[in-house]
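J.: Here it is, the structure in full.
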Amino acid sequence: MTGIIVYATKTLKTFYRRRGAFLSTLLVPLFLVLFYGFMFGKVFFGGTEITLNIGVVNLDQGVQFAGNFTLNLGEYFKAMLLNTSKTFNETDGRSRFTLKVFNYSTIENATRAFENGTIDGFIVIPKNFTLCLISNESISIYAYGDPSDYVKYSTFTSICRELAISFSLRGRPIVGVEEKSLTIKRKTFTYFDISAPGMILFGLLFVTTSSAHVFASEREHKLIDRIVMSGLSPSEIILGAFIAMFAVAFLQSMLCFSAALTLKACMVGSIPEAIVVILCMAMFQVALGLLVSIYAKNTKTAENIAWMIVAPIMFLGGIWWPIEWMAEPFKTIGKVFPPSMGCELLRAIMLKGATIFSEKGLITITSLIALSIAMLIAEIYLAKKHIFKPR
278 MTGIIVYATK TLKTFYRRRG AFLSTLLVPL FLVLFYGFMF GKVFFGGTEI
328 TLNIGVVNLD QGVQFAGNFT LNLGEYFKAM LLNTSKTFNE TDGRSRFTLK
378 VFNYSTIENA TRAFENGTID GFIVIPKNFT LCLISNESIS IYAYGDPSDY
428 VKYSTFTSIC RELAISFSLR GRPIVGVEEK SLTIKRKTFT YFDISAPGMI
478 LFGLLFVTTS SAHVFASERE HKLIDRIVMS GLSPSEIILG AFIAMFAVAF
528 LQSMLCFSAA LTLKACMVGS IPEAIVVILC MAMFQVALGL LVSIYAKNTK
578 TAENIAWMIV APIMFLGGIW WPIEWMAEPF KTIGKVFPPS MGCELLRAIM
628 LKGATIFSEK GLITITSLIA LSIAMLIAEI YLAKKHIFKP R
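Rendered as structure tokens:
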């Protein structure tokens, strides 16, 4: 363990002395995030306010009691939504949304309003709403919206769920929310929202090229013999170099991620889960760079090989646009790159509220970690042949 720390420290010091590479690795990706954030984001730190228009269709027939008294809990639910609208507008200073509520008599009218763009989604309260609740039976309301409109849809369904929970806590059975998809393509997110996840991967590509310099630089400056004579094992050298460059990747990616969030990049999902994906991508890119470094005889060769690897990822890996936007042949090619899996998962977390615990999320995380470990094992084996070879 001491040997790993010693070599990690040495690698960091060597990388820091290469001021040009050190600063470009950290600052160029950060500059791109800042530039795109100001140019294509939510406009400076205040952001732009988005109006969320919600329709309500109350089909609840209510229950009539003696004395011509009719209880309609659907109207109570609608009143809660109107009250939420006032509270949401007045007190949620951090929100970028203003909530407006519209009443419709039929689902057809609400659907037409949705298709015309008057509302962004609508809630349908079923006709047996009151009857089920006073009979101590659970009941669901229906939330109609467009899942492709990531930002508004996630906010709309979140409000529906919060209302249902709040209504249920008033001594009544649980009110559920059943989501209904209306597929009308609307995009309310900015180009910066789309490209911010890819920019983080783009920054990690710089770490790949920097990692490719580690052993190539030692070989170029005739320091390989010193490494061999230091008494460090191949595993200590590889793991030490990996830890050092992973620290650089962590610092760089967190700078870019923090800058993206500061500039109001869309963040629907969990920030900790997004960080997990970023760290898995960082592991892969560092391990990939070190693999190149073991073979390269000098830094120029290392850099050329590294850029031959990262260039296709840069254009086909979903960095500047989602892979599904590309034409079919390029889409298929793009999905071959493991980093593109991480980039698409990060984009799904930030724009759609996806989770790493979904089937796709677990496959992506497991693949990136497994490939990183496989490359490290291969590097330890290759180090014995190319660095510790008999002289």
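Residue numbering for the sequence shown follows the numbering used here, starting at 278 and increasing by one per position. Every residue, glycine too, gets a C-beta built ideally from N, C-alpha and C.
1) Which residues share a DSSP beta bridge with residue 347?
2) Going by alpha carbons, who is nearest to residue 655 out of 611, 573, 567?
3) Measuring CB atoms only, is the stretch 473-493 touching the stretch 575-587, in the sense that at least three cross pairs come out at less than 8 Å?
4) On the three-state DSSP scale, how would you describe residue 335?
5) If you draw a straight line from the alpha carbon of residue 357 to that of residue 440, how long is it in whole angstroms?
6) So which of 405, 340, 619 has the shortest CA-CA distance to residue 550?
7) Among 529, 630, 455, which one has its Cα closest to the Cα of residue 416?
8) Determine the DSSP secondary structure at residue 526, reduced to helix, strand or coil.
9) By how many angstroms is the C-alpha of residue 558 removed from the C-alpha of residue 659?
10) Which stretch, first to last residue, makes up the alpha helix (DSSP H) that contains residue 475?
11) Assuming residue 477 and residue 533 are in contact, meaning their beta carbons sit under 8 Å apart, how far apart are those beta carbons, in whole angstroms?
12) Can you give, in chain order, each stretch of the alpha helix (DSSP H) that sits fully within the stretch 600-664 and has at least 4 residues?
13) Between the C-alpha atoms of residue 600 and residue 329, what's the straight-line distance to the nearest angstrom?
14) Does the Cβ-Cβ distance between residue 398 and residue 421 come in under 8 Å?
15) According to DSSP, is residue 386 part of a helix, a strand, or is it coil?
16) Which value, in whole angstroms, describes the spacing of the CA atoms of residue 649 and residue 554?
17) For the alpha helix (DSSP H) that contains residue 396, what are its first and last residues?
18) Quick one: grab the DSSP three-state call for residue 404.
19) DSSP has residue 375 in a bridge; who is on the other side?
20) Below 7 Å CB to CB, which residues in the same chain sit around residue 519 once its five sequence neighbours on both sides are set aside?
21) For residue 606 and residue 651, what's the separation of their Cα atoms in angstroms?
22) Expressed to the nearest angstrom, what Euclidean distance is found between the alpha-carbon atoms of residue 401 and residue 639?
23) Would you identify the three-state DSSP class for residue 288, choosing helix, strand or coil?
24) What does a CB cutoff of less than 6 Å around residue 482 pick up in its chain, not counting 5 residues either side in sequence?
25) Which residues in the same chain as residue 593 place their Cβ atom closer than 7 Å to its Cβ, once the five residues preceding and following it in sequence are excluded?
26) Measure the CB-CB distance between residue 576 and residue 490 and report whether it falls below 8 Å.
27) Cβ of residue 396 within 8 Å of Cβ of residue 332?
28) Would you call residue 529 buried or exposed, if buried means 16 or more other Cβ atoms sit within 10 Å of its Cβ?
T.: This is what the structure holds:
1) 341
2) 567
3) yes
4) strand
5) 7 Å
6) 619
7) Of 529, 630, 455, the residue nearest in Cα terms is 455.
8) Three-state result, residue 526: helix.
9) One C-alpha to the other measures close to 23 Å.
10) 468-488
11) 5 Å
12) 605-611, 615-629, 636-663
13) 28 Å
14) A contact, by the Cβ cut-off of 8 Å.
15) Residue 386: helix per DSSP, three-state reduction.
16) Between the C-alpha atoms of residue 649 and residue 554 there is a straight-line separation of about 13 Å.
17) That residue, residue 396, is in no alpha helix (DSSP H); it is neither H nor E in DSSP.
18) coil
19) 328
20) Only residues of its own chain outside the window of five on either side were considered, and among them 563, 564, 567, 653 have a CB closer than 7 Å to the CB of residue 519, listed in chain order.
21) 29 Å
22) Spanning the two alpha carbons is a distance of roughly 35 Å.
23) Of the three classes helix, strand and coil, the one that applies to residue 288 here is helix, per DSSP.
24) 587
25) 607, 610, 611, 614
26) Cβ atoms of residue 576 and residue 490: closer than 8 Å.
27) yes
28) Buried, since its Cβ has 16 or more Cβ neighbours within 10 Å.
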